[in-house]
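Notes follow the structure.
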Amino acid sequence: MGGTGGLGRTGLSPLLSERPGAPRRPASSPGRFAPAVELRPARATRRLAPAGAVIASAAMKTALSGPVRVRFAPSPTGFLHVGGARTAIYNDLLRQSLGGSFVLRIEDTDKARSDEAMTHQIQSALAWIGIEWDEGPFLQSERLPRHTERALELLEADKAYRCFCTTETLDAQRAEAQSQGLTFRYPRTCAHLSKTEIEARLAAGTPFVVRLRMPDAPIEVRDMVRGDVEFPPDALDDFILLRSDGSPTYHLSVVVDDIDMAITHVLRGDDHLSNTPKHVRLFEALGAPLPAFGHLPLILGTDRKRLSKRIGSTSVEEFRNEGILSQALYNFLALLGWAPGEDRELLRRREMIALFSVEGLNASAAVFDREKLLWMNSQYLMSLPFAELLPQLLPFLEEAGVPTSQPERLAAVVDLYRPRARTLRELAGCFGPYFAERLDYPLEDCRKFLADAELDARLTELGRRLAALPSFETEAIDATVRGLAEELGVKAAVLIHPTRMALTAATGGPGLFELVAVLGQEATARHLASFQAFLAANRAA
RNA sequence: GUCCCCAUCGUCUAGAGGCCUAGGACGUCGCCCUUUCAAGGCGAUAACACGGGUUCGAAUCCCGUUGGGGACGCCA
Numbered sequence: 000m001g002g003t004g005g006l007g008r009t010g011l012s013p014l015l016s017e018r019p020g021a022p023r024r025p026a027s028s029p030g031r032f033a034p035a036v037e038l039r040p041a042r043a044t045r046r047l048a049p050a051g052a053v054i055a056s057a058a059m060k061t062a063l064s065g066p067v068r069v070r071f072a073p074s075p076t077g078f079l080h081v082g083g084a085r086t087a088i089y090n091d092l093l094r095q096s097l098g099g100s101f102v103l104r105i106e107d108t109d110k111a112r113s114d115e116a117m118t119h120q121i122q123s124a125l126a127w128i129g130i131e132w133d134e135g136p137f138l139q140s141e142r143l144p145r146h147t148e149r150a151l152e153l154l155e156a157d158k159a160y161r162c163f164c165t166t167e168t169l170d171a172q173r174a175e176a177q178s179q180g181l182t183f184r185y186p187r188t189c190a191h192l193s194k195t196e197i198e199a200r201l202a203a204g205t206p207f208v209v210r211l212r213m214p215d216a217p218i219e220v221r222d223m224v225r226g227d228v229e230f231p232p233d234a235l236d237d238f239i240l241l242r243s244d245g246s247p248t249y250h251l252s253v254v255v256d257d258i259d260m261a262i263t264h265v266l267r268g269d270d271h272l273s274n275t276p277k278h279v280r281l282f283e284a285l286g287a288p289l290p291a292f293g294h295l296p297l298i299l300g301t302d303r304k305r306l307s308k309r310i311g312s313t314s315v316e317e318f319r320n321e322g323i324l325s326q327a328l329y330n331f332l333a334l335l336g337w338a339p340g341e342d343r344e345l346l347r348r349r350e351m352i353a354l355f356s357v358e359g360l361n362a363s364a365a366v367f368d369r370e371k372l373l374w375m376n377s378q379y380l381m382s383l384p385f386a387e388l389l390p391q392l393l394p395f396l397e398e399a400g401v402p403t404s405q406p407e408r409l410a411a412v413v414d415l416y417r418p419r420a421r422t423l424r425e426l427a428g429c430f431g432p433y434f435a436e437r438l439d440y441p442l443e444d445c446r447k448f449l450a451d452a453e454l455d456a457r458l459t460e461l462g463r464r465l466a467a468l469p470s471f472e473t474e475a476i477d478a479t480v481r482g483l484a485e486e487l488g489v490k491a492a493v494l495i496h497p498t499r500m501a502l503t504a505a506t507g508g509p510g511l512f513e514l515v516a517v518l519g520q521e522a523t524a525r526h527l528a529s530f531q532a533f534l535a536a537n538r539a540a
């Protein structure tokens, strides 16, 4: 089974059967990327060079001497994860602070796990959080012929070789190695087959993969966040470049794309650190200069395990839905593993760009603290200008059925509740009294008012005086309420609390006078009346 | 198991040999402000994982131990 049989040969045989030295077919479309999906960030400045030409030449000569080129390369296998978002943010910060371009590449070569909808989803999440990419999105799946082409070059140059070993053989060897407590390493069975042996097997139609020849020397990786890391040779085996069906593997695709796209800085997740020596060797074999690598520690859940859905939200999408502001999420994620210095915590993207440096990146994993994110969100909720807040608040208002046609009124209510809400969803939930015809009063919280025999008369008198006010301003309302309390010989609070309940159906909330001013004369009278009706109805019962 | 990475308050972090009696922030607790709830102000709580070195001097450098994480595929 596995690895054997005829189907394996379809993809490769025409190309690979050629003799070394035989003239190669011209490149199908090297270094040429067609943006695959049209969705772009709102500000779609198109700085994209007319594809192939610029990028290809940059790759050959000046990959590392020119401007910074970073990339973010997610697999479209799910929603954008906060870990991925944080990687994207650091790439964003790096390229903005140094000047350069951000390339978005979708690594969708695993068709089984990839979902086209997710490609859109990832883009919309990135755009929402405020990351603009300059080039792409490029679909890696569309560049497969190019990857294959580069692998064939390596084969011809004898930097790679054909391996005819079956998966059964390899599985057995792997099991054997592990039982002995060793890292499995391909034993290079096929590394030195003679020309005649190879031709005999090709003639017999034996399926094969293409493997890269790895050096027997250790490989040192210079990492921007870890420093120098050395990998001993026995940890590095001759890994596969082309599968037996001729398709390129991940490592090949990544490196070829990074070369063709002239990527200068590879900032990616920690889980790729152990892949990096392979990539380093591939860059060398392909004659390309090395980009600067940096491996970011991953984000942990409160259980100190890799962040998982069991603990709570993990995708950008979920936080957006909960009412987290994009500015707050960006800020929070950026600070998870990086400190701008001077004990600064609340800072906007512009400020972070000015302060960013890779040296400040932390090497240790960070636990995602939901409480702190909520705190940070509330800070943004309090300080963001209304105009900046509104676009993100709107969907929540609509969901809550709040009419949005009077922006000044919305702004007034927002100001009332800014310091009292932690999320946009909570904030939107505070709009009811200001737009609803009538309110639902919580019976439990109203018991104390039901017991107050004098309340009804007092509210009636208060309502009369408020309705008579020529100017419905905070000070006038203040004077009215306090004045009445004094006349009645009671503390202002005796009037204030039931009135707040009457007008907002809540025991807590903004200062009564401010609240009444925003509510307006008409709604104040209406709510007061319906509260009195509510009291009467429940007293009777 | 093998290889690699990591290690300061519960959490995010500052700290590049003397400035550390270890700083800031979230959280928690208290007080103040106050018509309530928040917000805000003030204060408290709480950490250099352990053991060896190096040094006049170590949170900072080296080694080991322990703990945590990652990688070990014809997945990406």
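Residue numbers are given in numbering that gives the first Met the number 0: position 272 of the first sequence equals residue 271, and the series is strictly consecutive.
Here a beta-carbon is modelled for each residue, glycine too, at the ideal position from N, C-alpha and C.
| Item | Value |
| --- | --- |
| Between the Cα of Leu461 and the Cα atoms of Ala156, Ala501, Thr118 and Gly135, which residue gives the shortest distance? | Ala501 |
| Using only CA atoms, which one of His264, Pro432, Glu485 and Val480 lies nearest to Ser529? | Pro432 |
| Roughly how many whole angstroms lie between the Cα atoms of Phe395 and Arg417? | 15 Å |
| Taking the C-alpha atoms as reference points, what is the distance between Leu251 and Ser178? | 30 Å |
| Suppose you measure from the CA of Arg305 to the CA of Val366; what does that come to, to the nearest Å? | 9 Å |
| Restricting to Cα atoms, I'd like to know which of Thr403, Thr166, Asp237 and Asp269 is closest to Asn361. | Asp269 |
| Please give the ranges of any alpha helix (DSSP H) in the stretch 401-462, keeping only runs that are unbroken, at least 4 residues long and fully inside the region. | 406-416, 423-427, 431-434 and 442-449 |
| Could you tell me if Met260 is buried or exposed, where buried requires 16 or more neighbouring beta carbons within 10 angstroms of its beta carbon? | buried |
| Which residue from Leu465, Glu344, Phe137 and Tyr329 puts its Cα closest to that of Val253? | Phe137 |
| Under 8 Å: do the stretch 100-113 and the stretch 312-332 share three or more Cβ pairs, one atom per stretch? | no |
| Below 8 Å on the Cβ atoms is my guess for Pro290 versus Ile262; work out the distance and round it to an integer in Å. | 5 Å |
| Taking all protein chains shown into account, do 16 or more other C-beta atoms lie within 10 angstroms of the C-beta of Arg446, making it buried, or fewer, making it exposed? | exposed |
| Could you pull the start and end residues of the beta strand (DSSP E) that Gly311 belongs to? | Where Gly311 is concerned, there is no enclosing beta strand (DSSP E), given that its DSSP letter is neither H nor E. |
| From the DSSP output, which residues share a beta bridge with Pro247? | Leu241 |
| Quick one: complete beta strand (DSSP E) runs, 3+ long, within the stretch 186-229? | 208-211 and 218-222 |
| So for Arg46, helix, strand or coil by DSSP? | Residue placement at Arg46 is flagged as unreliable, the pLDDT there being 25, under the threshold of 50; the coordinate-derived value follows with that caveat. Three-state result, Arg46: coil. |
| How close, in whole Å, do the beta carbons of Leu92 and Met351 come, if the pair is a contact with beta carbons under 8 Å? | 6 Å |
| Does the pairing of the stretch 223-232 with the stretch 109-120 give three or more beta-carbon distances under 8 Å? | no |
| Within 10 angstroms of its Cβ, does Arg516 collect 16 or more other Cβ (buried), or is it exposed? | Going by the sequence as given, residue 516 is Ala instead of Arg. With 16 or more Cβ atoms within 10 Å of its Cβ, Ala516 is classed as buried. |
| Given 8 Å as the limit, is there contact between the stretch 117-136 and the stretch 70-79, that is, 3 or more CB pairs closer than that? | yes |
| In three-state terms, what does DSSP make of Glu513? | helix |
| Among Ala84, Arg94 and Ala399, which residue has its Cα nearest to the Cα of Phe355? | Arg94 |
| Alpha carbon to alpha carbon, what distance is there between Thr503 and Leu389? | 22 Å |
| Taking the C-alpha atoms as reference points, what is the distance between Leu241 and Phe207? | 9 Å |
| With 16 as the cutoff for other CB atoms within 10 Å, does Val489 come out buried or exposed? | exposed |
| According to DSSP, simplified to helix, strand and coil, what is Trp337? | strand |
| Looking at the structure shown, is Pro384 part of a helix, part of a strand, or coil, going by DSSP? | coil |
| Quick one: measure Cβ to Cβ for Ser363 and Leu79, integer angstroms, because I've assumed they're closer than 8 Å. | In fact, because the Cβ distance is near 23 Å, the residues do not count as touching under 8 Å. |
| By DSSP, does Glu344 sit in helix, in strand, or in coil? | coil |
| Could you tell me the alpha carbon to alpha carbon distance between Ser307 and Leu335, rounded to whole angstroms? | 17 Å |
| To the nearest whole angstrom, what separates the beta carbons of Ile88 and Leu332, a pair I think is in contact under 8 Å? | 5 Å |
| With 16 as the cutoff for other CB atoms within 10 Å, does Thr188 come out buried or exposed? | exposed |
| Would you call Gly245 buried or exposed, if buried means 16 or more other Cβ atoms sit within 10 Å of its Cβ? | buried |
| Between which two residues does the beta strand (DSSP E) containing Pro276 stretch? | Here Pro276 belongs to no beta strand (DSSP E); instead the alpha helix (DSSP H) covers Thr275 to Ala284. |
| Going by C-alpha to C-alpha distance, which of Leu181, Glu141 and Arg200 sits closest to Thr165? | Arg200 |
| I need the boundaries of the alpha helix (DSSP H) containing Ser113, first residue and last residue. | First-last for Ser113: undefined, no H or E at that position. |
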